[in-house]
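> Let me give you the structure first, and then I'll get to my questions.
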Amino acid sequence: MASLVSGTTSDMTPRPSRRAFYTGDRFQAAAFIVPSCIFLALLTIWPFFYSVYLSLHRVRLTALKRAVFVGFENYWNLVTDTLFQHALLNTLMLATASIACEIIIGFVVAKAFVSIAHLRWSNWLRSFFLMPMMVTPLIVGMIFAYVFNPVLGIANYLLNSVGLAPVSWFGDPFPAMLSILLINVWQWTPFMMLLIMAGLFSIRSDLYEAARVDGAKWHHILRFLEIPSIRGIVLLGIILRIIDTLRFFDVVYVTTRGGPGDSTMVLTLYAYQQNFQFFQAGTGSAAAVIILVISIVITTFAVRLLRRIEND
Amino acid sequence: MTSAFRLRDLGPLILVLLFVFISSAPLLWIFLGAFKTTAQIISIPPVWVPDFTYLNNFRDVLGQFWPFIVNSMIATVGATALALLLAVPAAFGLVNFSFRGRAAIADWILSTRMMPPIAAAVPLFVIFRGAGLLDTLPALIIAYAGFNLPFAIWMSMSFIRRVPQELIEAARLEGCTWLRVLWEIVLPLSKSGLAAVATFVFIFAWNEFMLALFLTTREAKTFPVVISSFIGTGRVYWEYITAASVIQCLPPVLFTFFMQKHIVSGITMGAVKD
Chain Y
903 MASLVSGTTS DMTPRPSRRA FYTGDRFQAA AFIVPSCIFL ALLTIWPFFY
953 SVYLSLHRVR LTALKRAVFV GFENYWNLVT DTLFQHALLN TLMLATASIA
1003 CEIIIGFVVA KAFVSIAHLR WSNWLRSFFL MPMMVTPLIV GMIFAYVFNP
1053 VLGIANYLLN SVGLAPVSWF GDPFPAMLSI LLINVWQWTP FMMLLIMAGL
1103 FSIRSDLYEA ARVDGAKWHH ILRFLEIPSI RGIVLLGIIL RIIDTLRFFD
1153 VVYVTTRGGP GDSTMVLTLY AYQQNFQFFQ AGTGSAAAVI ILVISIVITT
1203 FAVRLLRRIE ND
Chain A
931 MTSAFRLRDL GPLILVLLFV FISSAPLLWI FLGAFKTTAQ IISIPPVWVP
981 DFTYLNNFRD VLGQFWPFIV NSMIATVGAT ALALLLAVPA AFGLVNFSFR
1031 GRAAIADWIL STRMMPPIAA AVPLFVIFRG AGLLDTLPAL IIAYAGFNLP
1081 FAIWMSMSFI RRVPQELIEA ARLEGCTWLR VLWEIVLPLS KSGLAAVATF
1131 VFIFAWNEFM LALFLTTREA KTFPVVISSF IGTGRVYWEY ITAASVIQCL
1181 PPVLFTFFMQ KHIVSGITMG AVKD
């Protein structure tokens, strides 16, 4: 897989198939690699153990010295807390629904971009389409707080001008969740589109020709040529998006704060509030550990997958 | 690669234009808002196209909040520099040396990319409070560099791997130290790729919000943290929000247009080459 984005093949450089590694020089190898490893260990391994420690104690962020060991009480409290249950459920729902929409819409848009890739302006159009995924997530929240504002928002004005009833975008539980979903799909469909497009560009055009000669219908091409070719990269996209959704915070923080009620509460916002608004470092850490465990399970798959794509 | 428009391109083109519109319209709307007076921003029916000579919103935002834009800049540039300084040698080492556990270390580094920042939040808060670094830019630089390090190492590896091995071998035969090989051969040959890595780290750090929200309170607040305070329980400062959003989005939007060809390789951490 090379030169996928520009869509050209002329600037492809052959990849060295197998690199010979230098043995010996062990001390020098360490000198290059160890600083990063120490840095990452301090940022990941140590916080992990510290979070586990805190999650087993009743402790406030403002008085960490006075930690009382309570075993799994915090975890039990979490599991029985309806707010946490909703946060977990909402996060899973958001991940499933938004990733599904992103893949379907992303595929359609990717096909359209591939068919016009030969036009001079297609690269510019693609940049315009990609903007949402690079824009600061917090600003995305701000923009939609403005667009979906019940009083001064343009969304309701447009609905009204075509004779539709105004929507309480962030005001009622069900629309609020749909709005958050919509914002996610708006921001991240370009991401999926880009990956799918990379996959589609890797299909050699003579395979399409051959399929057409054999009289294959579009759904045959989709099923036997396109889906197998993009499967790996889409799987990678799904994993990265699940990881992203577990961290999803900025947009809900400025639009709904998890409300109304607990209808848009998500995991990271829950853990954040426990830790830094209620100073419940025990409960907050337990929630963080749960998020981390989910991430680790998904990551295990991700690492294997990335290695496989690397070696293809 | 470019060729003329054919009739059968019409369908896909219309679809593309529709989706380009959906992608850009909300961004365009906030951009237009930045040039409106407060009354125009909140008026319904909306004022569609403002008078672009009205720059008071920008003047007010820059005038009052410039120190926080500077904070964002320092934190972002500092984090990018620190991340690259650590990542490039690590990537160089992982690509060129063989030792036991090499693949395991590379995988472990990759897996730390998946670490949710919230899981490190309280421990980071505690360390930085202990070190007296809360509400300082060094704390942000360290945290941002750390969270971007796995990405930077993996993406750098994919570029450094493309340096022809013969050159490295020749240099070694000439008696170059590894440090000189890195400095005089690998760096010059992979500098455009590493520049892409740096730009990515820059954008990620520039866009970061949650860590800055609890690591800073007054002095070291970054621009996103300030912007988030424009919306709250009391009055919502739409005139600031619109102008500040434009300023905040400028780097990532420029990046999208000038670095487009690197984006796929960036979002897959170098797994897909550009």
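So the protein sequences, as listed, match chains Y and A. Under the numbering used here, the first residue of the first sequence is numbered 903, with each subsequent residue one higher. Under the numbering used here, the first residue of the second sequence is numbered 931, with each subsequent residue one higher. C-beta atoms are modelled at their ideal positions from N, C-alpha and C, and glycine is treated no differently.
(1) Would you check if the distance between the CB atom of P1182(A) and the CB atom of V1037(Y) is smaller than 8 angstroms?
(2) Any chance you could list the alpha helix (DSSP H) runs of at least 4 consecutive residues sitting entirely within the segment 1025-1049 of chain Y, in chain order?
(3) What three-state label does DSSP hand A904(Y) in the structure shown?
(4) Between which two residues does the alpha helix (DSSP H) carrying A1069(A) extend?
(5) For R917(Y), count the other beta carbons within 10 Å of its own beta carbon; 16 or more makes it buried, fewer makes it exposed. Which is it?
(6) Check the Cβ of D990(A) against every Cβ in chain Y and list those closer than 8 angstroms, keeping chain order.
(7) I need the DSSP call for P916(Y), collapsed to helix, strand or coil.
(8) Indicate the three-state DSSP secondary structure (helix, strand or coil) for K966(A) in the structure shown.
(9) How far does the beta strand (DSSP E) with V970(Y) in it reach, from first residue to last?
(10) Let me check one thing: in DSSP terms, what residues is H959(Y) bridge-paired to?
(11) For the segment 1177-1195 of chain A, which residues have a CB atom closer than 7 angstroms to at least one CB atom of chain Y, in sequence order?
(12) So, are the CB atoms of S1197(Y) and I1145(Y) less than 8 angstroms apart?
(13) Is there a Cβ from chain A that is less than 8 angstroms from the Cβ of N1025(Y)?
(14) As a quick exercise: from R1210(Y), R1209(Y) and F1178(Y), pick the residue whose alpha carbon is nearest that of P1053(A).
(15) Per DSSP, Q1182(Y) is paired with what?
(16) In or out: D1108(Y) buried (at least 16 other Cβ within 10 Å) or exposed?
(17) Which residues in the same chain have their Cβ closer than 7 angstroms to the Cβ of P1077(Y), if we skip the five residues on either side of it in sequence?
(18) For the alpha helix (DSSP H) that contains A1150(A), what are its first and last residues?
(19) Distance, Cα to Cα, A1019(Y) vs Q930(Y)?
(20) For A1183(Y) versus R962(Y), is the C-beta spacing smaller than 8 angstroms?
(21) Using the Cβ count rule (16 or more neighbours within 10 Å means buried), how would you classify R1148(A)?
(22) Run the CB neighbour count on S1159(A), radius 10 Å, all protein chains shown included, and call it buried at 16 or more, exposed below.
(23) Could you list which residues in chain A have their beta carbon closer than 8 angstroms to that of T998(Y), in chain order?
(24) I think A1101(A) touches V1093(A), with their Cβ atoms under 8 angstroms apart; what is that distance to the nearest whole Å?
(25) Ordered along the chain, which non-local residues of its own chain (more than five positions away) have a Cβ less than 8 angstroms from that of G941(A)?
(26) Could you spell out the range, first to last residue, of the alpha helix (DSSP H) harbouring Q1178(A)?
(27) With H, G and I counted as helix, E and B as strand and the rest as coil, what does DSSP make of F986(Y)?
(28) What is the DSSP secondary structure of F1139(A), reduced to helix, strand or coil?
(29) Suppose you measure from the CA of F1027(A) to the CA of G1076(A); what does that come to, to the nearest Å?
(30) Taking 8 angstroms as the threshold (C-beta atoms), are L1079(A) and A1013(A) in contact?
(31) Is any beta-carbon of chain Y found at less than 8 angstroms from that of P1118(A)?
(32) Less than 8 angstroms between CB atoms is the rule here; does M1085(A) satisfy it with respect to chain Y?
(33) Residues bridged to F998(A) by DSSP?
(34) If we define contact as Cβ-Cβ less than 8 angstroms, is V907(Y) a contact residue for chain A?
(35) From this set, P1130(Y), E975(Y) and T1091(Y), which residue's C-alpha is nearest L1102(Y)'s C-alpha?
(36) Taking the straight line between their C-alpha atoms, what separation do you get for T1010(A) and Q1175(Y)?
From the atom records:
(1) yes
(2) 1039-1049
(3) Low local confidence applies: a pLDDT of 34 at A904(Y) is under 50, so the model's placement there is unreliable, with the coordinate-based value given in what follows. In this structure, A904(Y) counts as coil in the three-state DSSP scheme.
(4) L1067 to I1090
(5) Its pLDDT being 42, under 50, R917(Y) is placed unreliably in this model, and the coordinates cannot settle the point.
(6) Going along chain Y, no residue has its Cβ under 8 angstroms from D990(A), so there is no contact; the nearest lies around 17 angstroms.
(7) Because the pLDDT at P916(Y) is just 40, under 50, the model does not fix this residue reliably, and the value given afterwards should be weighed accordingly. Correct three-state label for P916(Y): coil.
(8) coil
(9) A965 to F971
(10) F971(Y)
(11) Q1178, C1179, P1182, V1183, F1185, T1186, F1187, Q1190, K1191, I1193 and V1194
(12) yes
(13) yes
(14) F1178(Y)
(15) R962(Y)
(16) exposed
(17) V1069, S1070 and W1071
(18) Element bounds for A1150(A): n/a, residue is neither H nor E.
(19) 47 angstroms
(20) yes
(21) exposed
(22) exposed
(23) What T998(Y) touches in chain A: nothing, since even the nearest Cβ is about 18 angstroms away.
(24) Contact flag wrong, Cβ pair sits at about 11 angstroms.
(25) none
(26) W1168 to F1188
(27) helix
(28) coil
(29) 23 angstroms
(30) yes
(31) no
(32) no
(33) None; F998(A) has no bridge partner.
(34) Summary for V907(Y): the model assigns pLDDT 32, below 50, so the residue's position carries little reliability, and this model does not support an answer.
(35) P1130(Y)
(36) 29 angstroms
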